[in-house]
Structure formats: structure tokens, C-alpha cells
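Each protein sequence line maps, in turn, to chains A and B. Going by the numbering used here, the first residue of the first sequence is number 305, and it counts up by one from there. Going by the numbering used here, the first residue of the second sequence is number 47, and it counts up by one from there. We put the beta carbon where it would ideally sit given N, CA and C, even for glycine. Bear in mind that the values here come from a model prediction, so they are computed numbers and not experimental data.
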Amino acid sequence: EAEAAVSGGPSSACRARRLYVSFREVGWHRWVIAPRGFLANYCQGQCSLPATMPGPGGPPALNHAVLRALMHSAAPSAAGLPCCVPARLSPISVLFFDNSDNVVLRHYEDMVVDECGCR
Amino acid sequence: ARARMAPGPAAALLQALGLRDAPQGAPKHRPVPPLMWRLFRRRDPQEARAKLRWTPPGATLRPCHVEELGVAGNIVRHIPDRGVRARSPEPTSAAGQCPEWTVVFDLSAVDPAELPSQARLELRFEAAEAKAGAAGGWELRVAWAVEGVGVGPVLLRQVVAALETPVRAELLGAAWARNASAPRSLRLALALRPRAPGACARLAEASLLLVTLDPRLCHPLARPRR
């Protein structure tokens, strides 16, 4: 269940978009006890100047990304735009049965995109 | 056997998540222990956020630490006993001899890279006998069970006041060294005797709560921005 990215306009700027990962959808619901799914989110959008670098309230863009975007605006054929990627992630915990019928609780880092940035 | 992988594109992700292959499904007649639910609800940031409505960014729980158990770790396993058939079927109080039980825990799913921080043996006894109790309490003895030989060296002795709640015994440091990887399996001989003459108790259920820390899943804390 993903939010569609809109092309053009301010909404096309690099930012976190909603993506719900359902364990039923990926076929893991028989052994994942909880959660049923989680809000993983994803990054999408343009990293072009000037609006998106740095994003309002968002993480500052890397110096390299700023220069790359500047270079792109001056000479589009020289380099592409920076990439819109996760800048801050948070963990989730998953409760599941393993193949030995153990009930396992594991804590996984970097599973949820909280913020995106141009890199 | 370790190279067995689930087919398809999910295999690499499963491996990254610390699973050798996709489990087959929920086992029959295996309820999720309430403690595991409690730990999940406490650990899960999305669940916590839903309850608190709003959580400031970065205000997550202490990483790689199981708060409720007070130990370091990022993996908690509830491992059932596989030695049910080895138990003595009936308790006997004749001549003060109570039955002994052999419990077996399969720890093969634990990766050698994981560092155990708690290995808690949990024993539940039949309700009627647990309620009846023993005036002077009980003595629990945990020893190695050696196949074909019987009982091996004693690992720990513990005085138990009552049997109504689960009886717990910490095995880490006794069954294996604190800084060592978990063994592939654990085979224990248990004996519970009333300290004063009285009836024997009957073991209803044994399990092992194993907490480990996988350093590969534990990212170093972010340094403050200069």
C-alpha cells in the first residue's frame, strides 16, 4: 500500500512517502506473529535546485549533493541530479516462530524511513 | 544443512534478517507466551507511538537492551522443552524419592556470533500440587543429563519457596560460560524435592528464555552533531 509520487510541482520534491508493508502480502503471515505489517515508507522525489536543497525542516543536503545539483543546473549533460535516499531510519521489533518452533523476538534497525535527503 | 535457503527473491532478505530460511508456519498447539507479547509491546516503536499518540523524533528505547529483563540484547527466544517423553510419568513420595526430569532445549537456531546475556530456565508445575506446597519449601537441582549414563555434574542448586508461580533459574554462567557462544543443544536433569517430608510435585512445562546480543544488528549510537 504505497502513496503515489506526484510528478511536477512542490509535491515532487524529495521526501518520505507512505508505504505500508503487509506481511500477508509478502506471504510471511503464517510465521510472523506480530506486527501484521509496518509503516516502512520510502523516499521519492527530485533533488533539483532550489526548492529541495535543503528541504524545509528536513535533513541538510550533503555538500557534494548541492554541488552536483548546481552542476546539473549549469550543465545538465555533465551529471544527473543527486539521489533521494533515506536520511534517518528507525527500528521495529518482530515477533515470529522460527523453524524450531521457538517464539522469537528480534529487534531490527533501519526498517522505517523517517526522513529522506538528497545524497 | 546451513546452506539451505528459501527460494526466490526473499532469500537474501531473510538472510539479512538473521533467518536461514522462511519458517513453515505457526506450530500447532503452541501459544505465544504472555511474556513474549509483553516484551514485543514494550519494544515495538510503532506500537509505542500508537499508544502515546506522539513520540518525539529519536525518542526510541535504549538500543540493544531488553528493558523488562534488564539485560543487553536484541534477540529474545522462548525455547520449548523437547524432552517431554523422558519425564517420569507419575510422582512418587515413597522413601522421599521424587521423580527427575530430563529437559532438552534445541539451541541450533542461535548463531555462534550471538552473545548470550540471559538463559533463564522456567518451570511450571501441576496446579494442584503447586498449591498444596511444602512446608519447608523445595530444593531444585539442575544437572547435566548424559545420554546412556544418567545424571552428570550438578550445575546449580536453588531453594524454591513456592511453586504457584513459574520457578526460574539462571543458567548462564552455570551451564556455559558468560562470554561463550550458546551450545547447539542443552540437555538437563532436573530434580525437585520437598525440604521437609511431603508430596512430590509434577512438572507441567519447561522452557528456556534466551536473550542474546547480535552485534551485527546493533548499530553504534549516533554521535552528536558538531
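>> Less than 7 Å between C-beta atoms, sequence neighbours within five positions excluded: which residues of the same chain meet that for B:His124?
In response: Here B:His124 has Pro79, Met82, Ser253 and Leu255 as same chain residues with Cβ atoms under 7 Å from its own Cβ, once five neighbours each way along the sequence are excluded.
>> Can you check whether the C-beta of A:Arg340 is within less than 7 Å of a C-beta belonging to chain B?
In response: Output row for A:Arg340: interface = no.
>> So, for B:Arg230: in the same chain, excluding its five sequence neighbours on each side, which residues have a beta-carbon less than 7 Å away from its beta-carbon?
In response: Here B:Arg230 has Leu153 and Ser154 as same chain residues with Cβ atoms under 7 Å from its own Cβ, once five neighbours each way along the sequence are excluded.
>> Which residue wins for smallest C-alpha separation from A:Arg423, given the options A:His411, A:Ala382 and A:Ala369?
In response: Taking only the C-alpha atoms, the option nearest A:Arg423 is A:Ala369.
> Taking the C-alpha atoms as reference points, what is the distance between B:Val149 and B:Arg241?
Replying inline: Roughly 23 Å separates the two Cα atoms.
>> Let me see if you follow: with CB-CB separation under 7 Å, is B:Phe151 close to chain D or not?
In response: Of the protein chains in this structure, namely A and B, none is chain D.
> How would you list, in chain order, the residues of chain A whose beta-carbon sits under 8 Å from the beta-carbon of B:Asp67?
Replying inline: Those are Asn403, listed as they occur along chain A.
>> Beta carbons nearer than 7 Å to chain A: which residues of the segment 217–243 of chain B have them?
In response: Hits within the stretch: zero.
> From A:Phe327 to A:Phe401, what distance separates their C-alpha atoms?
Replying inline: One C-alpha to the other measures close to 14 Å.
> Checking contacts by CB at 7 Å: is B:His124 closer than that to chain A?
Replying inline: Answer yes: the Cβ-Cβ gap between B:His124 and chain A drops below 7 Å somewhere.
>> Classify B:Gly194: buried if its beta carbon has 16 or more other beta carbons within 10 angstroms, exposed otherwise.
In response: That one is exposed.
> In chain order, what residues of the same chain lie with their CB nearer than 8 Å to the CB of A:Phe342, ignoring the 5 residues before and after it?
Replying inline: Around A:Phe342: Tyr324, Val325, Ile396, Met415 and Val416.
> Comparing alpha-carbon positions, which option in A:Ile337, A:Asp418, A:Val408 and A:Cys347 lies nearest A:Cys388?
Replying inline: Checking every option, the nearest Cα to that of A:Cys388 belongs to A:Cys347.
>> Taking beta-carbon pairs under 8 Å, can you tell me which members of the segment 54–83 of chain B lie near chain A?
In response: Cβ contacts with chain A: Ala56, Leu63, Gly64, Leu65, Arg66, Asp67, Ala68, Pro69, Gln70, Gly71, Ala72, Pro73, Arg76, Val78, Pro79, Met82 and Trp83.
>> Between the alpha carbons of A:Trp335 and A:Arg410, how many angstroms are there, rounded?
In response: Here the alpha carbon of A:Trp335 sits roughly 13 Å from the alpha carbon of A:Arg410.
>> Could you check whether the Cβ of A:His368 sits closer than 7 Å to any Cβ belonging to chain B?
In response: No, A:His368 lies away from the interface with chain B (no Cβ there is under 7 Å from its Cβ).
> Should B:Asp127 be labelled buried (16 or more other beta-carbon atoms within 10 Å of its own) or exposed?
Replying inline: B:Asp127 is buried by the Cβ-count criterion.
> If you follow the alpha helix (DSSP H) that B:Leu81 is part of, which residue opens it and which one closes it?
Replying inline: Residue range Pro80 to Arg89 is occupied by the alpha helix (DSSP H) that includes B:Leu81.
>> Which same chain residues end up closer than 7 Å to B:Cys264 when comparing Cβ atoms and leaving out the 5 residues on each side of it in sequence?
In response: Listed in chain order, the non-local C-beta contacts of B:Cys264 below 7 Å within the same chain comprise Pro109, Cys110 and Asn120, local neighbours out to five positions each way being set aside.
> Who are the neighbours of A:Tyr412 on chain B, taking C-beta pairs under 8 Å?
Replying inline: When 8 Å is used as the limit between beta carbons, A:Tyr412 is near these residues of chain B: Leu63 and Leu263, in chain order.
> Applying a beta-carbon distance threshold of less than 9 Å, which residues of chain A neighbour B:Ser163?
Replying inline: Per Cβ cutoff of 9 Å: no residues; B:Ser163 is ~13 Å from chain A at best.
> Distance, Cα to Cα, B:Val257 vs A:Pro380?
Replying inline: Rounded to the nearest angstrom, the two C-alpha atoms are 54 Å apart.
> Does B:Ala208 come within less than 7 Å of chain A when only Cβ atoms are used?
Replying inline: Chain A, which has no Cβ nearer than 7 Å to the Cβ of B:Ala208, makes this no.
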